[in-house]
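Let me begin by presenting the structure, written as structure tokens, before commenting on it.
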Amino acid sequence: MGQMRAFLRVADAKEESDPQLKEWVRQVREIAYDTEDVLERYMLRFAYHGAHGFKGYLKKIYASLKNLKAGHQIASEIKAIRSRLENALKRQQTFKDISSIMNQGSSSTLAWYDGRGDALLLEEVDVVGIEKPKEQLLKWLSSIDSGLKVISVVGMAGLGKTTLVKKMFDDTSVNMNFDHHAWITVSESFKIENLLQDMIKRLSKDIDQPPPQGLEAMKADDMREFIYNFLQNKNYIIVLDDIWTTNAWEAIRYAFPRSTTLGRGCIIITTRFNNIGHAVCSESNGHVYKLKPLPVEKSRELFYKKAFPRSSCPPCLEEISERILNICEGLPLAIVVIGGLLATKNNKIEEWEMFYRSVGSELEGYHLKRISKLLSLSFYDLPYHLKSCFLYLSIFPEDQLINRATVIRLWIAEGFVGAKQGKTMEEIAEGYMNELLNRSLIQVVETHYDGRPRNFHIHDLVREYIISKAKEQNIAAVDSQGETQRLDRIRRLAIDGLSNSTRQIYEGKSLRSLLFFGAGNSEWRPILYEVMRGSCKMLKVLELRRAPIDAMPDEVFKLYHLKYLGLRDARVKIIPKANRKSWKTRDIGSEEMLGH
1 MGQMRAFLRV ADAKEESDPQ LKEWVRQVRE IAYDTEDVLE RYMLRFAYHG AHGFKGYLKK
61 IYASLKNLKA GHQIASEIKA IRSRLENALK RQQTFKDISS IMNQGSSSTL AWYDGRGDAL
121 LLEEVDVVGI EKPKEQLLKW LSSIDSGLKV ISVVGMAGLG KTTLVKKMFD DTSVNMNFDH
181 HAWITVSESF KIENLLQDMI KRLSKDIDQP PPQGLEAMKA DDMREFIYNF LQNKNYIIVL
241 DDIWTTNAWE AIRYAFPRST TLGRGCIIIT TRFNNIGHAV CSESNGHVYK LKPLPVEKSR
301 ELFYKKAFPR SSCPPCLEEI SERILNICEG LPLAIVVIGG LLATKNNKIE EWEMFYRSVG
361 SELEGYHLKR ISKLLSLSFY DLPYHLKSCF LYLSIFPEDQ LINRATVIRL WIAEGFVGAK
421 QGKTMEEIAE GYMNELLNRS LIQVVETHYD GRPRNFHIHD LVREYIISKA KEQNIAAVDS
481 QGETQRLDRI RRLAIDGLSN STRQIYEGKS LRSLLFFGAG NSEWRPILYE VMRGSCKMLK
541 VLELRRAPID AMPDEVFKLY HLKYLGLRDA RVKIIPKANR KSWKTRDIGS EEMLGH
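Its first residue numbered 1, the sequence shown is counted upward by one per residue in our numbering.
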């Protein structure tokens, strides 16, 4: 197992440039997963849960006889896996080349990174060239006397629409002039019920009130009416981020009061599509702001801040920096991603020239393809230990802020965090997080009072990439439409609660993590209870956020490998004391344990 992991650590950095090696790495990765499965089944089968007395003695004898047979079976499985691995090694001459590299050592990929000070600089570093656009948006906002105005910010993916609107939304003048504020991410695959629920929760939270009772049972029309009555005669601003179709606007527009003499409202939308931006503004005589690529001087400023965070650009790199900027064509996301990648390199002209020659011609063409290639370069430039951590972030729903502390607990539970002498697991995971932040692969949205990141966001293009890559490497699968296939091979499955329920989960013999997000329809209830009662015995992580469950069955606390149980916003009201004690004894982490 150690040999396979060492091989994967080295080969992983080379597989993208060699299709044959990529396929072989996939095979070795599957063999490593199967080995892990056998070892964990062994641990489960031979685990002894403390039977006492004469009856317990008889049970122990019976278990020993039973385990003797199981031991032979497991030994046979390990022998078969070893044979598969030996055959794979014989078929690949490439292994000899990589083995020599392994023997030389590759300590650089194992270095622990902290960079806490760097992470605190991210928010301001990434904001370049939005002063004038922000000024214009604020000017339009201040001109609203009464009624409703709609403002659209339009531009291609990666231009910074969300960043611009977020900076405007957080401006102190907006907080002073509007009494109610809500930010809603719509996205391509929005569901109107989720969207309206989210809006009601955010409006309620804005005034420090709990959401109305029975919210999750409300129909869409009832929620629209609630929002309408709530906002009537009030001063409010609501952002609808990332609208893809006019249908999305039509589904929600009647929730906003349109004519009132006592209040004024502003809806701000961001969209990639010019026709949608104009359509939503037409009725209210609103405004459309078309965001353009950064001019050369602003592109250079942003690039230098990302590529040289602690110094200025050396004269020897100025000319090649201009060539790299020409590739980015003023797209902030492209500039930030490539700048973050080059910040990890030495400031030597030879290394930068090599980078430019290797990627220059490949980055020509349509901007989305270009950004995808840049993301791929950034991914393969990550240290091995960070790749799984980064891809794991694909599990979180598109419209959800991602909590730093939650991610750290999940990474540790999943076994992604390696030990380092003198550091706690949390400190090491914090270092992992900071490196992803400093590479601009994730974006800070909210910070603690001391400046530490609290919640972060993943750009939609980055999320699309890591979902695809996580599925390819069998790190995790995301099922938002109830269409996931081959559950027998999936190790981590994230489910949108409003997707179609499926009993195929029971086939997930390799399933290590089940992450359920969203309110969920009633059909999910019996399926989730079966999972908790042990139908997936190998579970390490069970996330039941907003799940339609009322109680925790005792069996869930007997899952031998369980390391994390997330219950945030679930309907569970209390966990029995006996199970809480078992929980603490076994060091099971929880996102929110009720009934303390």
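By construction, the Cβ of each residue, glycine as well, lies at the ideal position given by its N, Cα and C atoms.
Between Tyr529 and Thr270, what straight-line distance do the alpha-carbon atoms span, to the nearest angstrom?
Distance between the alpha carbons of Tyr529 and Thr270 is about 40 Å.
Is Pro133 helix, strand or coil by DSSP?
Pro133 sits in a helix when the DSSP states are folded into three classes.
Go through its chain and collect everything with a Cβ distance to Gly56's Cβ below 7 Å, but skip five positions before and after it.
A caution first: Gly56 carries a pLDDT of 49, below 50, which makes its placement in the model unreliable, though a value can still be read off. So no residue of the chain qualifies.
Please return the same chain residues whose Cβ sits closer than 8 Å to the Cβ of Val174, not counting the five positions on each side in sequence.
For Val174, where only same-chain residues beyond five positions count, the Cβ hits under 8 Å are Leu138, Leu141, Met168, His181, Ile237.
Assigned secondary structure, Leu559 (DSSP; H/G/I helix, E/B strand, else coil)
Reduced to three states, the DSSP call for Leu559 is coil.
Reduced DSSP category for Asn597 - H, G, I as helix; E, B as strand; rest coil:
Residue 597 is absent from the model: the chain starts at 1 and stops at 596.
Within a Cβ cutoff of 8 Å, which residues of the same chain sit near Ile371, ignoring the five residues on either side of it in sequence?
Here the set comprises Ala157, Gly158, Leu331, Leu333, Ala334, Val337, Leu461.
Please check the pair Ala343 and Pro309, which I expect to be a contact at CB under 8 Å, by giving their CB distance rounded to whole angstroms.
That belief holds up - the Cβ atoms of Ala343 and Pro309 are roughly 6 Å apart, short of 8 Å.
Looking at the secondary structure, which residues open and close the alpha helix (DSSP H) in which Asp496 lies?
Here Asp496 belongs to no alpha helix (DSSP H); instead the beta strand (DSSP E) covers 492 to 496.
CB-CB under 7 Å to Ala413, same chain, minus the five flanking residues each way: which ones, in chain order?
The beta carbon of Ala413 sits closer than 7 Å to the beta carbons of Lys540, Val541, Lys563, Tyr564, Gly589 from its chain, once the five residues preceding and following it are set aside; these are given in chain order.
Under 7 Å Cβ to Cβ from Leu317, same chain only, skipping five residues before and after it: list those, please.
Only Asn347, Ile349, Trp352 meet the Cβ criterion.
Between the alpha carbons of Ser513 and Gln473, how many angstroms are there, rounded?
Taking the straight line from one Cα to the other gives about 15 Å.
Drop a sphere of 10 angstroms on the beta-carbon of Ile207, count the other beta-carbons inside from all chains shown, and report buried for 16 or more, exposed for fewer.
Its Cβ having fewer than 16 others within 10 Å, Ile207 is exposed.
How far does the alpha helix (DSSP H) with Gly286 in it extend, from its first residue to its last?
Per DSSP, Gly286 lies in no alpha helix (DSSP H) and is assigned neither H nor E.
Within a Cβ cutoff of 7 Å, which residues of the same chain sit near Asp145, ignoring the five residues on either side of it in sequence?
In the same chain as Asp145, and ignoring 5 residues on each side of it, the C-beta atoms closer than 7 Å to its own belong to Arg264, in chain order.
Runs of 3 residues minimum, wholly inside the segment 199 to 280: which ones carry the beta strand (DSSP E) assignment?
With a minimum length of 3 residues, the continuous beta strand (DSSP E) runs that stay inside the segment 199 to 280 are 236 to 243, 264 to 271.
Classify Leu331 as helix, strand or coil using the three-state DSSP reduction.
Correct three-state label for Leu331: coil.
How far does the beta strand (DSSP E) with Thr185 in it reach, from first residue to last?
Under the DSSP assignment, Thr185 falls in the beta strand (DSSP E) whose first and last residues are 180 to 185.
Nearest candidate by alpha-carbon position, reference Phe152, set Gln209, Phe230, Ser284:
Residue identity check: residue 152 is Ser in the sequence provided, not Phe. Distance check between Ser152 and each of Gln209, Phe230, Ser284 places Ser284 closest, using alpha-carbon atoms only.
Find out if the Cβ-Cβ distance for the pair Ile620, Ala476 is shorter than 8 Å.
The chain is shown only over 1 to 596; residue 620 falls outside these bounds and no answer can be derived.
If you reduce the DSSP assignment to three classes, tell me which class Leu138 lands in.
In the displayed model, Leu138 falls within a helix according to three-state DSSP.
Can you give, in chain order, each stretch of the beta strand (DSSP E) that sits fully within the segment 421 to 470 and has at least 3 residues?
Here the runs fully enclosed are 443 to 447, 453 to 457.
Please report how far the alpha carbon of Glu427 lies from the alpha carbon of Ser376, in whole angstroms.
One C-alpha to the other measures close to 28 Å.
Cutting at 7 Å between CB atoms, please list the residues of its own chain near Val445, excluding the five before and the five after it.
Taken in chain order, the residues that qualify are Leu401, Asn455, Phe456, His457.
Can you confirm whether the segment 239 to 256 touches the segment 187 to 205 when touching is taken to mean that 3 or more C-beta pairs between the two stretches lie within less than 8 Å?
Counting Cβ pairs under 8 Å, three or more are found: they touch.
Mind checking Asn229: buried by the 16 CB within 10 Å criterion, or exposed?
Classification of Asn229: exposed, given that the 10 Å Cβ count is below 16.
May I ask you to check if the CB of Ala75 is nearer than 7 Å to at least one heavy atom of the ligand ADP?
As far as ligands go, the structure on display features none, and thus does not contain the ligand ADP.
Distance, Ile466 Cα to Tyr597 Cα:
The displayed coordinates of the chain run from 1 to 596. Any statement about residue 597 would go beyond what the structure contains.
From the DSSP output, in three-state form, read off Leu159 for me.
Of the three classes helix, strand and coil, the one that applies to Leu159 here is coil, per DSSP.
Helix, strand or coil, according to DSSP, for Val153 in the structure here?
Reduced to three states, the DSSP call for Val153 is strand.
Which residues in the same chain have their Cβ closer than 7 Å to the Cβ of Glu301, if we skip the five residues on either side of it in sequence?
Excluding residues within five positions, the ones whose Cβ falls inside 7 Å are Val128.
Quick one: give me the first and last residue of the alpha helix (DSSP H) that Ser299 is part of.
Note, Ser299: alpha helix (DSSP H), 296 to 307.
Out of Cys536, Val531, Glu523, which has the shortest C-alpha to C-alpha gap to Ser510?
Ser510 has its Cα closest to that of Cys536, out of Cys536, Val531, Glu523.
Close-in-space but distant-in-sequence residues of the same chain around Gly340 (CB under 6 Å, 5 per side omitted)
Result list for Gly340: Lys306, Arg439, Ser440, in chain order.
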